[in-house]
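Colleague:
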Amino acid sequence: MEIVICNPQKGRLETIKASINETNTTWFDDCQELNDIYMITDIDSGLLIRENNFCYPVLAYDVTRADIDYDPRKAKKLKVKAMSK
54 MEIVICNPQK GRLETIKASI NETNTTWFDD CQELNDIYMI TDIDSGLLIR ENNFCYPVLA
114 YDVTRADIDY DPRKAKKLKV KAMSK
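Heads up, the sequence shown is in the working numbering, so the first residue is 54 and it goes up one at a time.
(1) Go ahead and pull the three-state DSSP assignment for residue 95.
(2) Can you check whether the CB of residue 117 is closer than 8 Å to the CB of residue 97?
(3) Counting C-beta neighbours from all protein chains within 10 Å, is the total for residue 65 16 or more, i.e. buried, or is it exposed?
(4) Exposed or buried, residue 54, counting other C-beta atoms within 10 Å across all chains shown (16 or more means buried)?
(5) Measuring straight from C-alpha to C-alpha, what distance separates residue 80 and residue 105?
(6) Which of the three DSSP states is assigned to residue 131 in this structure?
(7) Could you compute how far the alpha carbon of residue 122 sits from the alpha carbon of residue 60?
(8) Alpha carbon to alpha carbon, how far is residue 112 from residue 58?
(9) From residue 138 to residue 75, what does the alpha carbon distance come to, in whole angstroms?
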């Protein structure tokens with residue numbers, strides 16, 4: 054499916070094709086705060102990180118869920134780092 058993401062390396066929003074399913078996505082259903090990480094998804098170019106809010110998912114290049122041990126805290130740090138570039 055096509056989704057709009059925030060690509061901080063390019064400094065813009067873009068539409069990509071991504072498959073979100075149980076084999077490439079980890080959901081964190083225990084989100085309580087708006088900025089908690091809700092979902093991380095492996096795609097061809099990197100990792101999509103989505104928070105528990107209406108913001109666009111952020112793309113972090115050259116990293117996988119396994120690289121961050123499927124950890125929402127590490128995903129949050131990675132998102133902040135990607136957005137600061």
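Glycine residues also receive a C-beta, built at the ideal position from the N, C-alpha and C atoms.
Modeller: Once the coordinates are examined:
(1) In the sequence shown, the residue the question calls residue 95 occupies position 42. Here residue 95 sits in strand by DSSP.
(2) Along the sequence shown, read from residue 1 onward, the residue named residue 97 stands at position 44. Along the sequence shown, read from residue 1 onward, the residue named residue 117 stands at position 64. At a Cβ-Cβ threshold of 8 Å, residue 97 and residue 117 do not count as neighbours.
(3) Residue numbering aside, residue 65 sits at position 12 when the sequence shown is read from its first letter. Exposed: under 16 other Cβ atoms inside 10 Å.
(4) Counting from one through the sequence shown, the residue named residue 54 turns up at place 1. Classification of residue 54: exposed, given that the 10 Å Cβ count is below 16.
(5) The count along the sequence shown starts at 1 and reaches residue 80 at position 27. The count along the sequence shown starts at 1 and reaches residue 105 at position 52. Taking the straight line from one Cα to the other gives about 11 Å.
(6) Here the question's residue 131 lines up with position 78 in the sequence shown. DSSP, read as helix, strand or coil, puts residue 131 in helix.
(7) As a working note, residue 122 is residue 69 in the sequence shown. As a working note, residue 60 is residue 7 in the sequence shown. Answer to the nearest angstrom: the Cα atoms are 22 Å apart.
(8) Stepping through the sequence shown from its first residue, residue 112 is reached at position 59. Stepping through the sequence shown from its first residue, residue 58 is reached at position 5. Residue 112 and residue 58: Cα-Cα distance of roughly 7 Å.
(9) Position 85 of the sequence shown holds residue 138. Position 22 of the sequence shown holds residue 75. Each residue's alpha carbon lies about 30 Å from the other.
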